[in-house]
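Only one structure is covered here, and it is reproduced in the block below.
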Amino acid sequence: MARLSTPIFLLLSFCVLFFTTSTLAETDREWTQYQAQCQYKYPTINPAIDLLCSRNLHLPGVVASIGQNFDRTNKVAIVPNPQCLKDGRMNQNSNVWIPEYWCRRQFWKVCAQGNDRGRGQQIFGGRGCQQFYISDWGSSMPKIVIAN
């Protein structure tokens, strides 16, 4: 009986993984909807996302953290999650690459799920160390200090 149950449990585990994985990730249609919702909420955010994400971004990094302005004082930016800096999941030498494909999509999601003007923040990345912000710079962007 034990010989038969092991392969059955393995097969069952594979089926559960296979059938649930596709439902956990957004589809291309959902990403397109996020982009359209963002455009509707605040039309100048998408061009700022395009400008920032077209660069070679790493975190922690100056370009990602400074971000890209839109409408003079507003920003899209990616900063390290402060908790990751505290607990050691990220430090000044981490150099986490943020691919253009995911950069755009994650910002679209932040905007679409943000407030009525597209402002918001969400945490992404396998270790939960990338904070994507769309914000009025002076009011709610965090001050990031990386200690030695």
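When we follow the numbering used here, the leftmost residue of the sequence shown carries the number -15, and every step to the right adds one. Yeah, the Cβ is synthetic: ideal placement off N, Cα and C, and Gly gets one too.
Worksheet item: In angstroms, rounded to a whole number, what distance separates the CA positions of P44 and R13?
Response: The residue labelled residue 44 in the question sits at position 60 within the sequence shown. The residue labelled residue 13 in the question sits at position 29 within the sequence shown. The alpha-carbon atoms of P44 and R13 are separated by roughly 31 Å.
Discussion item. I need the DSSP call for S38, collapsed to helix, strand or coil.
Written reply: Here residue 38 is taken as the residue at index 54 of the sequence shown, counted from 1. Residue state, collapsed to three classes: coil.
Discussion item. Does the contact criterion of 3 or more C-beta pairs under 8 Å hold for the segment 31 to 46 versus the segment 72 to 91?
Written reply: yes
Discussion item. Going by DSSP in three states, P83 sits in which element: helix, strand or coil?
Written reply: If you number the sequence shown from 1, residue 83 lands on position 99. The answer is coil: DSSP assigns P83 none of H, G, I, E or B.
Worksheet entry | Pair within 9 Å by beta-carbon distance, P64 and Q114 | Residue numbering aside, residue 64 sits at position 80 when the sequence shown is read from its first letter. Residue numbering aside, residue 114 sits at position 130 when the sequence shown is read from its first letter. A contact, by the Cβ cut-off of 9 Å.
Worksheet item: Is the CB-CB distance between R73 and R111 below 9 Å?
Response: Looking up residue 73 in the sequence shown gives position 89. Looking up residue 111 in the sequence shown gives position 127. Taking 9 Å as the Cβ cut-off, R73 and R111 qualify as a contacting pair.
Item to complete: Go ahead and label L1 buried or exposed: buried means 16 or more other beta carbons lie within 10 angstroms of its beta carbon, across all protein chains shown.
Response: Here the question's residue 1 lines up with position 17 in the sequence shown. The pLDDT assigned to L1 is 42, lower than 50, so where the model puts this residue is not dependable; a value taken from the coordinates is nonetheless given after this. Looking at its Cβ environment, which holds fewer than 16 other Cβ atoms inside 10 Å, L1 is exposed.
Worksheet item: Does the distance from the CB of V60 to the CB of I118 come in under 9 Å?
Response: In the sequence shown, the residue the question calls residue 60 occupies position 76. In the sequence shown, the residue the question calls residue 118 occupies position 134. In contact: V60 and I118 (Cβ atoms closer than 9 Å).
Practice prompt. Whole angstroms is fine: what's the gap from C68's alpha carbon to Q76's?
Written response: One-based indexing of the sequence shown puts residue 68 at position 84. One-based indexing of the sequence shown puts residue 76 at position 92. Approximately 11 Å between the Cα atoms of the pair.
Worksheet entry | For S119, the three-state DSSP class (helix, strand or coil) | Taking the first residue of the sequence shown as 1, we reach residue 119 at position 135. Three-state result, S119: strand.
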